[in-house]
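Novice: Once you've had a glance at the structure underneath, I'll fire off some questions.
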Amino acid sequence: MSPALFLLCIEYLSRLLKVETGKDIFNFHPKCQGAQITHLAFADDLMPFSYGDIASVDILMTCLETFEGVSGLSLNPAKSSIFLAGVKDDRKRSILERVGFPEGTFPVRYLGIPLAPTSVSVKDFSPFTDAIDHFIQKWGHHTLSYAGKVELIRSVIQGVEGFWFQVFPMHDAVLRKIQSSCTQFFWGGRSARVAWDDICTPKLEGGLGLMDIWKWNVALLTRAIWHFLRQSDTIWVQFVNTYYLKGISFWDYSPRNRDSFLFKRLCSIRNQLFSHFGGVEGTIEGLYRCCEAGRFCTNLIYEALRVPNPTYPWMRIIWRPFIPPKFSFTLWLSCRKRLATRDSLRFMNLDDVSCIFCRNDAETQRHFFFSCPFTSAIWCTIRTWLGIRRQMTTLESAIKWITKEHGGKGVRAKAIILALCVLVHEIWRARNGAAFDQDSTSPEVIVARVKLATYRILIRLYPTRRITF
1 MSPALFLLCI EYLSRLLKVE TGKDIFNFHP KCQGAQITHL AFADDLMPFS YGDIASVDIL
61 MTCLETFEGV SGLSLNPAKS SIFLAGVKDD RKRSILERVG FPEGTFPVRY LGIPLAPTSV
121 SVKDFSPFTD AIDHFIQKWG HHTLSYAGKV ELIRSVIQGV EGFWFQVFPM HDAVLRKIQS
181 SCTQFFWGGR SARVAWDDIC TPKLEGGLGL MDIWKWNVAL LTRAIWHFLR QSDTIWVQFV
241 NTYYLKGISF WDYSPRNRDS FLFKRLCSIR NQLFSHFGGV EGTIEGLYRC CEAGRFCTNL
301 IYEALRVPNP TYPWMRIIWR PFIPPKFSFT LWLSCRKRLA TRDSLRFMNL DDVSCIFCRN
361 DAETQRHFFF SCPFTSAIWC TIRTWLGIRR QMTTLESAIK WITKEHGGKG VRAKAIILAL
421 CVLVHEIWRA RNGAAFDQDS TSPEVIVARV KLATYRILIR LYPTRRITF
């Protein structure tokens, strides 16, 4: 059956239920009476609701049987369940006999999401955390760069998070487990070189642009508050207005102990918005500012709720789109002073912390870039190749000069930025080869690698242009 025909059939069923449940003998579910909710339908799934008496259940089943006779669409007893609460055993037996399918138990999973009449516990989120662990275990069998891991976390894991975060206020224990799994995956079980909170900041602030999952959960749930502000004509808003608010504005409502965990959490988020934006009027204005073309944008509310950190101009150089991520990442670690040089590993009681190349001084990042005679000579050769006359003896001074003088879009500007990123990566690669594989790399080979990688990227950017330096 085509989707259009199926929708017509479901529309017929909805109208049939509305007519038949309007009879005096039908009793609504206690929490559905105010909003007159008899059923919810999504795709080919149907959830009818009624009071737990045989007469009301019989009306629902009669409607479904009539619908089957008209459309040819029938319930699948093997995939159907009935959920009962507060129903005596003799009445329960009569209801089960009438419907012809088994009684279900909570929590039940629908579209992967656990549904329960009470607060969802930490263990009920196991399908969520298990899905993330499944991805991480699968990726663990592959050799991935840090840049590749960042992209997988951003596109896959945070995609899964977004699906759940817009439905549930997450328990802190669940969020901590997710963050721990991501940290271990990213750093490969080794000691973290950069704190995860710092990684989950924008790139211009020194991070890797991942989402802070606590704030991301709040931002996605704020969409529900936006529906209250706009008084969206949705069943959920109608239900909350009827069952909880009862004529009171959401902005003035004080949650009660018997209110659901979700609704109390939304009220808590509302209070956070009051503190952040300044009262009701400030919150309303703030939420409207988080719209694009009339649509509420969760990315904007996330940024609005986040406390900004100082920005670093050199980050604009590192994360230029034409630079391969592996080069950007190595330079990022270096700029944050987080490369695992021997000096930074003194706590491991290393016998030798001298530079792997010159053996003269301790292996620090400042020595590596470019106080070491070995790396200094390479850097001098690269500067000469690019026609750079300025003497820059540290990585910091090189980045500062490039940011000020060569932050443009020209071929030479891109070549200089590329060459520095590739150089840092290749020096660190040569260092690791010498330290762990006893594989010494000559300065000439490193220079050749830098030139080759730079030319390859530039030719890809300018395929019809002759590039020389």
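Numbering follows full-length UniProt numbering, in which position 396 of the sequence shown is assigned residue number 396; successive positions increment by one, without gaps. Every residue, glycine too, gets a C-beta built ideally from N, C-alpha and C. These numbers come from a predicted model, not from an experiment.
1) State the DSSP-derived secondary structure class of D45, mapped to helix, strand or coil.
2) Measuring CB atoms only, is the segment 198-205 touching the segment 274-287, in the sense that at least three cross pairs come out at less than 8 angstroms?
3) Grouping DSSP H, G and I as helix and E and B as strand, with all else coil, what is F168?
4) At the level of alpha carbons, what is the spacing between R258 and S145?
5) Which class does I37 belong to by DSSP, given the choice of helix, strand or coil?
6) From P107 to S14, what distance separates their C-alpha atoms?
7) State the CB to CB distance for the pair L423 and W379, rounded to an integer number of angstroms; the pair is presumed to be in contact (CB under 8 angstroms).
8) Is R109 helix, strand or coil by DSSP?
9) Assuming K149 is part of the alpha helix (DSSP H), what are its boundary residues?
10) Tell me whether the segment 407-426 and the segment 319-337 touch, counting them as touching only if at least three CB pairs, one residue from each stretch, are closer than 8 angstroms.
11) Determine the closest residue to D252 out of F239, G279, R230, with distance taken between C-alpha atoms.
12) By how many angstroms is the C-alpha of H39 removed from the C-alpha of I235?
13) Near F83, which residues of its chain fall below 6 angstroms by C-beta distance, leaving aside the five closest residues on each side in sequence?
14) Taking C-beta to C-beta, are I95 and I54 nearer than 8 angstroms?
15) Is the Cβ-Cβ distance between F228 and V218 less than 8 angstroms?
16) Going by beta-carbon coordinates alone, are G34 and G86 separated by less than 8 angstroms?
17) At what residues does the alpha helix (DSSP H) containing L452 begin and finish?
18) What is the residue span of the alpha helix (DSSP H) that residue 533 lies within?
19) Can you tell which of F67, D124, L305 has the C-alpha that lies nearest to the C-alpha of S275?
20) Hey, A147 and F329 are a contact pair by Cβ (cut 8 angstroms); roughly how many whole angstroms apart?
21) Whose CA, out of D45, R98, N76, lies closest to the CA of L60?
22) Determine the burial state of V57: buried for a count of at least 16 other Cβ atoms within 10 Å of its Cβ, exposed for fewer.
23) Below 8 angstroms, how does it come out for the segment 127-144 and the segment 69-77: are there three or more Cβ pairs, yes or no?
24) Are the Cβ atoms of F49 and C32 separated by less than 8 angstroms?
25) According to DSSP, is E363 part of a helix, a strand, or is it coil?
26) At 4 residues or longer, what runs of the alpha helix (DSSP H) sit wholly inside the segment 238-264?
27) Who are the Cβ neighbours of A413 in its own chain at under 6 angstroms, not counting the five residues just before and after it?
28) Would DSSP call S397 helix, strand or coil?
29) Are the Cβ atoms of I399 and I427 separated by less than 8 angstroms?
30) Can you find a heavy atom of the ligand NAD that lies under 7 angstroms from the Cβ of G433?
31) Who are the Cβ neighbours of S371 in its own chain at under 8 angstroms, not counting the five residues just before and after it?
32) So, helix, strand or coil for R336, using DSSP?
33) Let me make sure I understand the geometry here. Which of W139, F165, Q166 has the alpha-carbon closest to that of I153?
34) Roughly how many angstroms lie between the CA atoms of I382 and I225, to the nearest whole one?
35) Quick check on I82: does DSSP put it in helix, strand or coil?
36) Using the beta-carbon count (16 or more within 10 Å), is R437 buried or exposed?
Specialist: This is what the structure gives:
1) strand
2) no
3) coil
4) 49 angstroms
5) coil
6) 26 angstroms
7) 7 angstroms
8) strand
9) 146-152
10) yes
11) G279
12) 10 angstroms
13) G104
14) yes
15) no
16) no
17) 443-461
18) Because the chain here runs from 1 to 469, residue 533 falls outside it and cannot be looked at.
19) L305
20) 5 angstroms
21) R98
22) buried
23) no
24) yes
25) coil
26) none
27) H406
28) helix
29) no
30) Looking at this structure, you won't find the ligand NAD or any other ligand, since it has none at all.
31) D361, T393, T394
32) coil
33) W139
34) 56 angstroms
35) strand
36) At residue 437 the sequence reads Asp, which differs from the Arg that was named. Exposed is the call here.
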